[in-house]
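**Student:**
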Amino acid sequence: MTVTGGLGHARIELAVTDAETASVQLYRVASGDTVDPDTDAVGDPVSVTPGLTTTIIDGDATRVTLVADGDFGSAGGWTLGANWAIAGGQAQHTAGVADSLTLAVSLTAGASYRLAVVVTGRTAGSVTPAFTGGTTVTGAALDANGTHFLELTAETGNTTLELAASSDFDGALTLVVLYRATAASAPAGAWDYHLAPVNVDNVRAALTAALSTTVY
Numbered sequence: 013m014t015v016t017g018g019l020g021h022a023r024i025e026l027a028v029t030d031a032e033t034a035s036v037q038l039y040r041v042a043s044g045d046t047v048d049p050d051t052d053a054v055g056d057p058v059s060v061t062p063g064l065t066t067t068i069i070d071g072d073a074t075r076v077t078l079v080a081d082g083d084f085g086s087a088g089g090w091t092l093g094a095n096w097a098i099a100g101g102q103a104q105h106t107a108g109v110a111d112s113l114t115l116a117v118s119l120t121a122g123a124s125y126r127l128a129v130v131v132t133g134r135t136a137g138s139v140t141p142a143f144t145g146g147t148t149v150t151g152a153a154l155d156a157n158g159t160h161f162l163e164l165t166a167e168t169g170n171t172t173l174e175l176a177a178s179s180d181f182d183g184a185l186t187l188v189v190l191y192r193a194t195a196a197s198a199p200a201g202a203w204d205y206h207l208a209p210v211n212v213d214n215v216r217a218a219l220t221a222a223l224s225t226t227v228y
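Reading the sequence shown from the start, the letters are residues 13 to 228 in the numbering used here.
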């Protein structure tokens, strides 16, 4: 069994070897949590065929990021303030000036967008994400290292993703992901996935060990 996280979804690949297994029940819990079978099941049991590999999608696998250079492999379409620099797979901000990293994006007013930002090397300051152009939509300040997940609803006239560094921010960004969320999107975050095989008599076996991934 393998689990791969993506934008709004996780992909589970399972090779079924037990001839008595008729279906499997998927469970999702926050990383490190214990499974509660009554509340953590994802959908109904999925039918499987012994001897074949089954693919299960938790969420919406059709989502596409609006940030082409979100891994900072190149500067791409980013516009950099004076104290920002992109090199070596990251966007580094040097403390001393409050300025922004911006990118033109196509947004639909009233739609919800998921944003994920990975911050590293920070010892002071923060970065605040926003949609600008028209009515500004501002997210929470990111003032710690790690992966941050936000959801912003676009307003009329929004045309730009802005990541505004405070003057004392001395960290770097290594990943920025932005996509339009749907009702089918799996929740963003760090998750553990488990499966419980179900036999032809509808008896569930013990849970598999946790496989961890991140859904953006």
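Don't be surprised by glycine CBs; every beta carbon is placed ideally from N, CA and C.
Check whether the stretch 130-144 touches the stretch 168-185, counting contact only when three or more Cβ pairs, one atom from each stretch, lie closer than 8 Å.
**Tutor:** Yes, they touch.
**Student:** Return the CA-CA distance between Ser43 and Ala202, expressed in angstroms with no decimal places.
**Tutor:** 6 Å
**Student:** To the nearest whole angstrom, what separates the beta carbons of Asp70 and Val54, a pair I think is in contact under 8 Å?
**Tutor:** 5 Å
**Student:** To the nearest angstrom, how far is the alpha carbon of Asp204 from that of Met13?
**Tutor:** Rounded to the nearest whole angstrom, the CA to CA distance from Asp204 to Met13 is 13 Å.
**Student:** Given a cut-off of 8 Å, decide if Ala176 and Thr140 are closer than it, judged by their beta-carbon atoms.
**Tutor:** At a Cβ-Cβ threshold of 8 Å, Thr140 and Ala176 count as neighbours.
**Student:** Within 10 angstroms of the Cβ of Pro49, are there 16 or more other Cβ atoms? Answer buried if so, exposed if not.
**Tutor:** exposed
**Student:** Run the CB neighbour count on Asn95, radius 10 Å, all protein chains shown included, and call it buried at 16 or more, exposed below.
**Tutor:** Counting C-beta atoms within 10 angstroms of its own C-beta, Asn95 has 16 or more neighbours from the protein chains shown and is therefore classed as buried.
**Student:** Would you identify the three-state DSSP class for Ala110, choosing helix, strand or coil?
**Tutor:** Three-state DSSP puts Ala110 in coil, outside helix and strand.
**Student:** Which residue wins for smallest C-alpha separation from Leu223, given the options Tyr39, Asp182 and Ser86?
**Tutor:** Tyr39
**Student:** By DSSP, does Ser59 sit in helix, in strand, or in coil?
**Tutor:** strand
**Student:** Going by C-alpha to C-alpha distance, which of Thr220, Ser118 and Val227 sits closest to Thr46?
**Tutor:** It is Thr220 whose Cα lies nearest to the Cα of Thr46.
**Student:** What does DSSP give as the partner residues of Gly17 in its beta bridges?
**Tutor:** Ala22
**Student:** Which runs of the alpha helix (DSSP H) spanning at least 4 residues fall entirely within the stretch 138-201, listed in chain order?
**Tutor:** none
**Student:** Under a Cβ-count criterion, where at least 16 other Cβ atoms within 10 Å of its own Cβ denotes burial, should Gly230 be classed as buried or exposed?
**Tutor:** In the structure displayed, the chain extends from 13 to 228; residue 230 sits before or after that span and is not available.
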